[in-house]
Structures are given as structure tokens and as C-alpha cells.
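Taking it in order: structure first as C-alpha cells, then the write-up.
Numbering (the numbering used here), first residue to last: 471 to 889.
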């Protein structure tokens, strides 16, 4: 991208020299004019109605129905009193009717006034009772919600076991319990499968690698046989990487077993030191701005997350390209951002990069450089930590991947947000 050029919509401007500490982000333009004001008011109304709880909605329905029925009753009461008074005075002379019409109007006015006052007071009482009755009726749903929030991979044995009449809510709770039973069996089967696959798949490959290395170490090996052996070793190593990636992907999709306080800047520093040899051999320019970003999570998974981001930036780059790595607080959350130059990636292909066996080139078969699981593992690790990962195409080619994780509990002091 040439200096002075603006990035196209949906692209992120590359980091300029000396601007390493500024996070890359997409710019959004807010609507202006009266149309924007109307849309804002419309959104506010919808937000208010959407935030109403089911209990509040039922209470409003009870209140509206009561006041509608009460208003109809007041009208009927007014008509009945008016008809009775006219019937009682129908035998009087016209002069007496004219004289008593003033009293009739006063009686009807007082009846209407006291009827409306009684309607208002009884209506308030009816709304309060309706709120209490709605809460009582929805209490089984609240129990289902509390249990659903407590559920995780390690607590799927918990059941609702709702007692009471055999109604719609009881049927919902029983259906939920049946679903939990099936999920518990599925997760248990997955754990056994991962444990068995780890042994059954890695052992034969390790034996093959050992046999090939021993055979190639013999002094009388012919050049043709050595070439074939080296090819088989590379294929075996690629299969080992693929299996390790699949097993790691299955592990990262599960609930966190280890939770420790980790600083993302230290994780990034460790990963960069481990990959320093590969970075030097690639000839790429590495720029970094690492600031404290404390999180709570699994250190091994977080290290694998950062390593996958940096390895992807190394593999899918261009000659004399660049890599920029940041850590710190982004939009109030601990974050890591890896930016790299490379080939131009359309915005509609970004989401597909997070699918297993997908690569930036669109090749789903060739796996000479990777197994196509790098960003899939990143997304799984981020989900396990309840974070968010976003990727944007970089103007001029390349990718910008940002990982934001939740703020650890008890973290009272947060570094200032960078822009």
C-alpha cells in the first residue's frame, strides 16, 4: 500500500514505521441527519421492549386486560344508573323533571368519579398481584435457567428433576433432562476417544519414524533408497503434525482444566523466543509492542494460541515482508494482535480461514507447510476462554488477527486503552 492511500472498505490500514503501539481496527461511520436520529430513537424503543423480562410482560398484559375490563364495567355502571334514575322519575311532571335533572347529573358525575378512583386503586392492586402470580408461575423456568448456567462439561450429571403437576413446564424440564443425559454420554465418549486416539495414532507413527531413521543411518544405503526414506520421513512428520493438531483441537474445545493468572505479554515473549530461529531464517521484519495484559486461563493453550498466530504470519507471508505483534489492553480487554503482510485476501474468505483444513490459498488438499488447523485451534482456545477473535484483511495484502479475552476477576487496575 502506497503512502497517502486510504484502505478500501473492510480493510485495515497497515502499521506504519514508528506506529507499532497503535492497534489496528476497522473504522465505522455513524449515520448522520434526521434519518440517523429516527433510527436511533427506533433502536432505543426496540431495546427497551427487548429488555423487558417475561415476568414484566405478563404483568403488563394482566394490567392492560384488567383496566380494559374495568373501564367497560364503569361504562356499564354509568348506563345502568342513568337508566334507573330516568325510570324512577319518568312519572313526574315535566317541570319536576327539569328541576331534578341537575341532581341526576351530579349523581352520575359522582358515580363516575368514584368508579374511576376505585378502578385505579384496584387496578394497582391487581398489577401487584399479577406480578407476584407471574413470578410464582415462572419460578420453574428460573430453576431451569439456574441449572443451565451452572452446566459445563464436568457438571453434565446434574439434573433438574422438576416436581409438580404434569404441565407444559414439567414437560420442558423432562425434555431438558433427557438432553443433558445424551450430552453427558457424548462428552464421556469424546474424552475416551481422544485418550484412545492419542495412543493408537501416535504410536504407529513413532514406530515408523524410528524404523526409517534406523534404516537411513546404515552406511550402505543407496541414494535412491535414501531419497525415498527422506520423503517418507517428511510424510510421516506431516501426519504427526496433523494428528497433534487434531488432538489439540479436540482438547481446546473442552472446558478448561487449568486456570492460572497469565500475562499475555510474557506468553508472546516466550513464543517469539522459541520461534526466533525461524523468524531470522525467513528474513521478515519483526516489530513488537508488548504491554501487560493479565488474563486467567490455561498457560499451555494460550501459548499454543499465540504460537499458531505467529506461525501463520510466518508461513503465509511474502519475501521481505513484515510481522507486527502487540499485546495489552484493547477496548478494555486483554488482547493480542498479530499483523502480517502477505497475499491479498478477500473479506468474504476471512470466516472460512477459521474452518479446519482451510488455508489462505483455498487449497484443502496440499499440506506441505501446515495441516490447516492453525486458526481453527485459535478459535477453539478463544472460545474455551470465553473470548472473541476477529480477523480483517490488511490493505496491500495480509491479515490482522485480534484476540480479546475477558478481564480476570479482581483486576481493579487496568492499563489505559491504546488507540
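No residue lacks a Cβ here, since even glycine has one placed at the ideal position from N, Cα and C.
On a predicted model such as this, the values are computed, not experimentally measured, just so you know.
Residue i lies in the alpha helix (DSSP H); which residues open and close that run?
i           : result
residue 637 : Run containing residue 637: none; DSSP gives neither H nor E here.
residue 736 : 734 to 744
residue 552 : 524 to 558
residue 811 : Premise fails: residue 811 is in no alpha helix (DSSP H) and is neither H nor E.
Looking at C-alpha atoms only, which residue of the options is the closest neighbour of residue i?
i           : options            : result
residue 793 : 601, 748, 770      : 748
residue 853 : 865, 874, 861, 736 : 874
residue 739 : 791, 692, 798, 697 : 798
residue 553 : 574, 759, 580, 602 : 574
residue 592 : 541, 678, 570      : 541
residue 876 : 776, 795, 731, 752 : 731
residue 526 : 577, 602, 586, 578 : 602
residue 751 : 789, 771, 770      : 789
residue 696 : 545, 662, 682, 673 : 682
residue 753 : 581, 669, 785      : 785
residue 778 : 806, 651, 576, 801 : 806
residue 861 : 487, 626, 495      : 495
Counting along the chain, where does the beta strand (DSSP E) carrying residue i start and finish?
i           : result
residue 798 : 792 to 800
residue 765 : 764 to 767
With a 10 Å radius around its C-beta and 16 neighbouring C-beta atoms as the bar for buried, classify residue i as buried or exposed.
i           : result
residue 787 : buried
residue 700 : exposed
residue 615 : exposed
residue 809 : buried
residue 482 : buried
residue 783 : buried
residue 855 : buried
residue 865 : buried
Rounded to a whole number of angstroms, what is the C-alpha to C-alpha distance between residue i and residue j?
i           : j           : result
residue 820 : residue 680 : 40 Å
residue 764 : residue 703 : 41 Å
residue 660 : residue 492 : 42 Å
residue 672 : residue 684 : 18 Å
residue 816 : residue 761 : 31 Å
residue 710 : residue 675 : 7 Å
residue 818 : residue 484 : 19 Å
In the structure shown, what three-state DSSP assignment does residue i receive?
i           : result
residue 672 : helix
residue 570 : helix
residue 660 : helix
residue 484 : coil
residue 492 : coil
residue 631 : coil
residue 875 : coil
residue 621 : coil
residue 859 : strand
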